Every structure is written in C-alpha cells, then in structure tokens.
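**Q** Oh and the sequence shown: position 26 is 27 in my numbering, straight run, nothing missing.
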Amino acid sequence: MSQATLKQGAGTDEILFVDQLADLVSIFDTDVQLCIMQRSQQPEILDYLDAAENDLGSGIRQSFNRGTLFPAELLPDLSGREFLLKDIRFLMELYFDLTGCDSIALRLMVLDRAMYPRFHTDFAGIRLLCTWKGPGTQWLSSDYADRSKLGEGSRGLADLKSGLIRDPRGIGEVPAFAIALLKGEAWENNAGKGIIHRSPALGSTGKMRIALSLDALWND
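1) Please report the Cβ distance between W219 and C102, rounded to the nearest whole angstrom; I am assuming they are in contact, meaning their Cβ atoms lie under 8 Å.
2) Compare the beta carbon distance of F120 and R67 with 7 Å and say whether it is the shorter of the two.
3) Quick check: L165 and D144, are their CB atoms within less than 7 Å of each other?
4) Classify L25: buried if its beta carbon has 16 or more other beta carbons within 10 angstroms, exposed otherwise.
5) Suppose you measure from the CA of W133 to the CA of D98; what does that come to, to the nearest Å?
6) At what residue ranges does the region 119-204 contain a whole run of the beta strand (DSSP E), taking only runs of 3 or more?
7) Please classify A52: does DSSP put it in a helix, a strand, or coil?
8) Going by DSSP, which residues form a beta bridge with I61?
9) Does the beta-carbon distance from I172 to L35 come in below 7 Å?
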C-alpha cells in the first residue's frame, strides 16, 4: 500500500489516511472503518457554490444506474458549473468502481444546520462523503468512546454527559474536498464496529454546508 498512514493521535487502526486513489480500497480491510484521501480545494467549485447555493434549494436526491452520467441540468446554470459537475461525475465513477454496485443513491446536501448533531453509527454498508463547502463530517475514535452509550444507551443525555466521549481528543474532522469512505454496521461482519460520526455544528453564522453522499444500491 502506498503511503497509507494511521491518523496520528487516533490510537486505533480504524481510521486511515491515504494519499492515492488506489489505496481507498483499504476501506475493505477488516479493521478500517474510515478511509480518507485529502484533496486540494478547487476555488472554481467554491466560487460556484457561493453563487448557486440559494438556487440549489434543499439539495438533490436521486438514484443512478452504472454508466449513467449525472445530468448538468440538475445544477444551476451559472459560471463554474462544469467544475462541480466534473467532480460529481468523478466521485460517482470512483464509487461505482470501488464497490462494484449496480446503482447508487446520491444526495447533494445543502444544509444550514447539523443533520445528525449527535454521534452515531449508520446501518449502512460503505458510504462516500465529500464536503465541498463548510466543515466536514466529524468522527469519534473507538478508543476514546464508550459504544454502550450510543443511541438508547445514552438515556437521553447529551454526548458529553452520557459518557460516550471518554476523551475529546478522539474527535477528528474530515477536511474539505477530501474523499471519505465510512463503513457502517450493515457491512458484512461489521456489526458493533461501524465508524462513530456526526454532522458538524454550523452555529448561528448563517453559513451553509454543501456535501455529497453516495450509497450503494444492490439489485436482487
């Protein structure tokens, strides 16, 4: 594997940073629950999103079969659209190639608040996330967490009071524009081990978070 490194300070081998696309296959390793490849930010995409965010409404939810291109007309026709369109299509193709799935559920999320503000795990397989604008998804390393306090185990208490977060040093954030692959509880033999994560807080700044989520859909 080329330059795949454990996240410093995470204290676990479940969170892996890689620097080459080919190494994203590390998400299929048994112990890896989060695989991240950082990318340079594209100012053309940021400028486009600044101009287009009010026209994107609440975002886009649509499924796509393998070989189908994301339609340009789903995005506002403003200067710079081709840069975001190219990145969406690239991420879709990458995800299809990684998973071998037949179709995907795509969400382009336009958020003014945290969608899931509490730490949790997903009953999902492997999800691709990329945040272009705003803060990225936050994770909590298992070595710094008490999984028995997830969900109903919290007894309604906030994460900081329930005992879920044993040490806040275990909290990290996926960088903007990075490709993140998150493994959930529904992945084969992964029950009880899915990556613990949450949506980042946006506060009252009025700033938006715009991100892409891809999930595999399998034909029976």
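We put the beta carbon where it would ideally sit given N, CA and C, even for glycine.
Computed from a predicted model, the values in this text were never measured in an experiment.
**A** Quick look at the numbers:
1) Contact annotation, W219 with C102: C-beta distance approximately 6 Å; criterion of less than 8 Å satisfied.
2) Cβ atoms of F120 and R67: not closer than 7 Å.
3) No, Cβ-Cβ distance for L165 and D144 is not below 7 Å.
4) Looking at its Cβ environment, which holds 16 or more other Cβ atoms inside 10 Å, L25 is buried.
5) Within the model, the alpha-carbon separation for W133 versus D98 is close to 22 Å.
6) Secondary structure remark: continuous beta strand (DSSP E) runs of at least 3 residues inside the region 119-204, in chain order: 127-134, 139-141, 172-174, 180-184, 197-199.
7) Helix, per DSSP.
8) I61 is bridged to L109.
9) L35 is positioned such that its CB atom lies no closer than 7 Å to that of I172.
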